Structure formats: structure tokens, C-alpha cells
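Data first, discussion second: the structure below is written as C-alpha cells.
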Amino acid sequence: MPAVTASAPGKIILFGEHAVVYGRPAIAVPVTQVKARAVVSAAPGSAAGQVLIEAPSIHQQAYLADLAADDPLKKALTLALEHLQISRPPACKVRIGSTIPVAAGLGSGAAVSVALLRAFSAFLGHPLPDEVVNALAFEVEKLHHGTPSGIDNTVITYARPVFFQRREGGNLIETFPSPQPFTVLVADTGVPSPTAAAVGDVRRAWQQDPPRYEALFDRAGELTRAARKAIEAGKPHELGPLMDANHALLQEMGVSSPELERLVQAARAAGALGAKLSGGGRGGNMIALVEADQVEAVSQALLGAGAARAFMTRVEAQG
């Protein structure tokens, strides 16, 4: 039985962070330059049903049966077996690796789940369709985030831009086309992003001054909708000013930081079409929209301004 390999990209929030918690839309796009990878191979010397899991990056090696019920890797594999109605899989080894930074807002957990579900189901002879991979990965996300939005697993499964909005009675999650490709640089401040703390601080500020914050959230929602229209119209260059405007709103919400400001200003000064923080803020990543011939100059400017790392992702053209 030949080995099977599958991979899945990371993701970034392009527009709408924080406002999305209050019912406004957000857009996320795949980050294809970093990936999670799963390789499943036969283990002919082992007994049927034995599944050995190796994840060197987190120093984990264990048999599936020995993992705790709330282990995300066990959850993904168990969900696949249950969906395929397989109680005793052939003996195999599952090896997982990832170049996606953990706890950086890049969807590392969802990417591992998607890659794992695809590789394992294909090894078993029943490759899961995208809609099933997405649904099962969402179940695993509940272990990572408690009440996940579903945006991470969706953008990572379909590797397309996703428009997300919380709604009573069911969230709106839509993939949408990008007729023209565009390039985004991602720069890591090197400062861990305390998402829960930032979200909590914004909530307290909103409770103290609802009219001001509702206006900020409304404006962020308008920018997100304008961004979707620009992408769908094949006019990604129009995203630059929208990103700058969204960053200004996030500054007003109090979720930027000196490290993020240095990187945003460095990117703009080096010729980026627009730049903003991405995710929870107070650290983590910032993103910059750049032309293809600006990538090197802006990357060097970001590194010179203190970025721990900078890498490019390209949102490919899709009909």
C-alpha cells in the first residue's frame, strides 16, 4: 500500500477582525507559502488497527489508542474513521509536519486537521470530498477554540477567499472568486498575540461607549464589503487604501502596538499599496499589499524595522 501525502495552507484575516465579533463581516484568504503536511504510510510489521502518530515539531509520538480523547490529532483521525464507518484500519504510520507558526493567527491547527483528514482518508481508499473535510475540521476546531467561527477551516479547505459574518440562526460563510491574483506580505512582530486579552479589552471598551464602538464596527463592515467587491471585480489594487483605513479603525479600537506600527509604517514607506495589522493585534502579524516587483524591497524594509520574519503569499486568480 503506497504512502499518501496531503498538505493544507495557512490563512490570514484580510479585513474585519474584532468587528466580526459584533456581527460585521470579515474576509480571510489562504497563505500558500506556509503549509501543514501529513504523510500516511503502511506499517506492515504492526497489528491491524494500530495507528502510530508522529509529530516531531511538538515532540509527539504515540499510538492513536493511547492519546487522550480531546487530542486534536486523535479527534481528526477518529472522525474520519467514523465517517467512513471503518472500525479497524490497516496498520499505518501518520507523520505530521508544519511550517505554519503556532499561535500566530495563521490557522495552524485547522491546516493540520485538513491535511490529516485528506491524507488518512485517501490512504484508506476513500478520499473525503471538500465539504466533508471542512465539516470534520470544524469539529476539531472546537477543541482548539471552544466556539470557532468556521472561517479558518473553510478558507484552508477550499484555499479561496472567504467572506464570513456571524448571524443568529446560522453564520454566513461564503467562498468567492478572485479573477485577478494579488500579492500580500506577512510580517511577524515576534511578539505573541494575546487574542483573548485583546478581544476582552475591546468588549470592555464597547460596553463603556457603545455608540463610538458601534460606529467603528459599522465602518469596518463597510470596508470589508468594499474589499470583497474590489476582489470580485478583479481590482485588487483598490484594496490598499481599504487596508490603511481598516488599520486606522483598529488603532482606534486600541489593538495596535508599537511593534505593529513600526512594521506598518515601514511597509508603506517602502512602497506597499496598503498595510494593516492582521488578527487580534497587540503583536502577531501585519500584512501589506504589494506589487510583484515590490516584494524584495518591502520585505527588506520590514526586516530592517524589526520583523522576526517576513514572507509572501499570493492569492491566485480563480473564477
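Each number in our numbering corresponds to the 1-based position in the sequence shown with 51 added. For each residue, glycine too, the CB sits at the ideal point set by N, CA and C. All values reported here derive from a predicted model rather than from experimental measurement.
For tyrosine 114, the number of other beta carbons within 10 angstroms of its own is below 16, and it is reported as exposed.
The DSSP-derived three-state label of alanine 284 is coil. In the DSSP assignment, isoleucine 109 is bridged to no other residue.
Here the alpha carbon of histidine 110 sits roughly 12 Å from the alpha carbon of arginine 146. Taken in chain order, the complete alpha helix (DSSP H) segments of 4 residues or longer contained in the region 132-179 are 159-174. A distance below 6 Å between beta-carbons, with the five flanking residues on each side excluded, links alanine 106 to the following residues of its chain, in chain order: Ile147.
With 16 or more neighbouring CB atoms inside 10 Å of its own CB, aspartate 203 falls in the buried class. Distance from the Cα of asparagine 222 is smallest, within the candidate group Asp239, Thr240, Gly201, Ala54, for Gly201.
Under DSSP, alanine 339 forms a beta bridge with Leu236, Ala326.
Apart from the 5 residues on each side of it in sequence, glycine 285 sits with its Cβ closer than 7 Å to the Cβ of Pro230, Gln231 in its chain, given in chain order. The beta carbon of tryptophan 257 lies closer than 6 Å to those of Tyr264 in the same chain, with the five residues before and after it left out. Histidine 134 and alanine 99 have their C-alpha atoms roughly 19 Å apart.
Sequence-distant partners of aspartate 295 (beyond 5 residues in either direction) whose C-beta falls short of 8 Å from its own C-beta, in its chain, are Arg319, Gly325, Ala326, Lys327. Cα atoms of arginine 276 and arginine 217: separation of roughly 14 Å, rounded to the nearest angstrom. Rounded to the nearest angstrom, the gap between the Cα atoms of glutamate 312 and threonine 129 is 44 Å.
Excluding sequence positions up to five before and after glycine 291, its CB lies within less than 7 Å of the CB of Leu324, Gly325, Leu340, all in the same chain and listed in chain order. In the DSSP secondary-structure assignment, lysine 86 is bridged to Pro60. By DSSP's assignment, methionine 363 forms a beta bridge with Leu236.
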